[in-house]
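Down below is the structure, laid out as structure tokens.
Residue numbers (the working numbering), protein chains in the order written: chain E, 30 to 140; chain X, 14 to 130.
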């Protein structure tokens with residue numbers, strides 16, 4: 030079952046912050062975050078493996094609440110280069126450890 | 014880091030012909046390869062999963078006789094779209110996972126834009 034991402038889309042001005050959420054109805058083994066720009070393949074951002082784990086990647090960080098089966102991606106002081114569609118992918122034992130993608134969150138950064 | 018080379022990046026073919034898409038892992042052994050298709054403004058849709066040396070496992074609704082997947086070596090997987098029709102036009106992307114299994118990331122190819130005319 031596909032994880033639910035919210036919001037579907039967000040428009041920001043450069044320098045503003047954003048949070049993208051990803052929730053699943055299944056017990057999760059890991060959560061993956063990717064960014065895809067138009068016409069290109071997705072680019073790996075980070076993977077979170079443990080409950081309560083947090084990771085950072087420049088000004089992009091994420092948390093994973095295993096109990097709530099949720100993950101959030103935080104983008105701080107957004108830059109124009111952050112524009113794109115962000116996908117979370119979840120892996121669970123119930124899905125035979127396949128990566129199941131969310132529908133994506135489109136992020137538009139305006140100068 | 015892990016790199017997957019996918020080609021061609023774009024292909025235009027006539028209806029009824031077949032098209033082969035290749036994905037090569039350049040610096041690691043891809044024990045599992047995933048093939049996706051993506052329609053405009055939509056998420057990635059998993060078509061099939063293949064493990065090296067084994068037959069691919071297709072997702073429900075994906076015709077295995079139409080989308081032939083070969084994963085004969087740990088560095089090469091191919092997807093052949095047979096008797097392509099305009100409705101097969103899409104963005105096809107491969108993704109490889111190494112022996113690290115689901116604890117690690119998935120490396121994507123650069124994608125193939127297929128247009129069937």
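All residues carry an ideal CB built from backbone N, CA and C; glycine is no exception.
Looking at the secondary structure, which residues open and close the beta strand (DSSP E) in which residue i lies?
i                      : result
residue 94 of chain X  : 89-94
residue 115 of chain E : 113-120
residue 123 of chain X : From DSSP, residue 123 of chain X is part of no beta strand (DSSP E); its letter is neither H nor E.
residue 91 of chain E  : 89-94
residue 109 of chain X : 103-110
residue 134 of chain E : 134-139
residue 128 of chain E : 128-130
residue 38 of chain X  : 32-38
residue 99 of chain E  : 99-104
residue 72 of chain E  : 72-77
residue 16 of chain X  : That residue, residue 16 of chain X, is in no beta strand (DSSP E); it is neither H nor E in DSSP.
Would you mind telling me which residues of chain E sit closer than 7 Å to residue i, beta carbon to beta carbon, in chain order?
i                      : result
residue 121 of chain X : 70, 71
residue 74 of chain X  : The contacting residues do not exist; residue 74 of chain X stays about 15 Å from chain E at best.
residue 118 of chain X : 61, 73, 76
residue 66 of chain X  : Those within 7 Å of residue 66 of chain X in chain E number zero; the least Cβ separation is about 18 Å.
By the criterion of Cβ-Cβ separation under 7 Å, what are the contact partners of residue i in chain X?
i                      : result
residue 132 of chain E : 56
Determine the chain E residues that contact residue i at a beta-carbon separation under 9 Å, and present them in chain order.
i                      : result
residue 106 of chain X : 70, 71
residue 59 of chain X  : 127, 128, 129, 130
residue 29 of chain X  : Here the premise fails: no neighbours, minimum Cβ distance about 27 Å.
Report the neighbours of residue i on chain E: residues whose CB is nearer than 8 Å to its CB, in chain order.
i                      : result
residue 127 of chain X : Near residue 127 of chain X there are no residues of chain E at all, since even the closest Cβ is about 13 Å away, more than 8 Å.
residue 62 of chain X  : 127
residue 111 of chain X : Result: empty, since nearest Cβ-Cβ is about 13 Å, beyond 8 Å.
Looking at the structure shown, is residue i part of a helix, part of a strand, or coil, going by DSSP?
i                      : result
residue 110 of chain E : helix
residue 45 of chain E  : coil
residue 100 of chain X : helix
residue 84 of chain E  : strand
residue 34 of chain E  : strand
residue 67 of chain E  : coil
residue 39 of chain E  : strand
residue 130 of chain X : coil
residue 53 of chain E  : coil
residue 59 of chain E  : strand
Name the chain X residues that come within less than 8 Å of residue i, Cβ to Cβ?
i                      : result
residue 116 of chain E : 56, 57
The segment 35-55 of chain E touching the segment 88-97 of chain X, judged by at least three CB pairs closer than 8 Å: no
Beta strand (DSSP E) runs wholly inside the segment 42-90 of chain X, at least 3 long, in chain order: 45-51, 58-64, 80-86
Three-pair Cβ contact test at 8 Å for the segment 50-60 of chain X versus the segment 28-35 of chain X: no
Touch test, the segment 113-133 of chain E against the segment 48-68 of chain E, Cβ-Cβ under 8 Å, three pairs minimum: yes
Contact the segment 95-108 of chain E vs the segment 43-56 of chain E: 3+ CB pairs below 8 Å: yes
Inter-stretch contact (C-beta, 8 Å, three-pair minimum) for the segment 17-26 of chain X and the segment 71-79 of chain X: no
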